[in-house]
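Have a look at the structure below, then the notes.
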Amino acid sequence: MDRRRYLVTAGTAAAVSLGGCLGLTRGENTDFDVGMRPTAFDPPTITVARGEEVVWENTGTRDHTVTAYEASLPDGAEFFASGDYEDEVAARDAWANGAGGALSNGDQFAHTFEIPGEYEYFCIPHESGGMMGTVIVEDRTPTPPE
Ligand SMILES: [Cu+2]
808 MDRRRYLVTA
818 GTAAAVSLGG
828 CLGLTRGENT
838 DFDVGMRPTA
848 FDPPTITVAR
858 GEEVVWENTG
868 TRDHTVTAYE
878 ASLPDGAEFF
888 ASGDYEDEVA
898 ARDAWANGAG
908 GALSNGDQFA
918 HTFEIPGEYE
928 YFCIPHESGG
938 MMGTVIVEDR
948 TPTPPE
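Residues in the sequence shown are numbered consecutively from 808, following my numbering.
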């Protein structure tokens, strides 16, 4: 096995399983929090506690991105985008130049939200189709799993 590829895969698995320990409110599929339909995030709004991780998964067949609206970020909050670009302009440029940041079917993206507030985000190729979502981060400690 190619050692580098193995490490990348192992790192992804660790990040995803960590999310499972934080007691997020999840649907029937316990592997992610927000899925993606052809032009919509599902659910479009998710509420978590400060310090919780949100995991997105492309549950559809089209490529999508998860890209924060930089102007919407609460003061001091970290920008987030699939592809880990440093800001919204970089993420849009990367998409325009070779679909950078694309999540294909089954791909996941995760971000941990440390600052309370409302975070608006979107999918670059389907922004004009209204593919947007909101993460609401409440200033409370995570609820333990039942
Ligand atoms: Cu999309």
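All C-beta atoms, glycine included, are put in the ideal place defined by N, C-alpha and C.
Closest residue to residue i among the options (Cα-Cα distance)
i	options	result
G924	D882, A906 and M843	D882
V944	A898, D838 and V855	V855
P932	V862, D849, L880 and T874	T874
Y876	T941, E927 and F920	E927
A906	E895, G890 and T919	G890
Coil, strand or helix - residue i by DSSP
i	result
V861	strand
D946	coil
T852	strand
Environment of residue i [buried if 16+ CB atoms lie within 10 Å]
i	result
T872	buried
V841	buried
S935	exposed
A901	buried
Residue i CB to nearest heavy atom of ligand 1 below 8 Å
i	result
D914	no
T919	no
Identify every run of the beta strand (DSSP E) within the stretch 868 to 949, keeping only runs that are complete inside it and at least 3 residues long; order them along the chain. 915 to 920, 924 to 929 and 939 to 945
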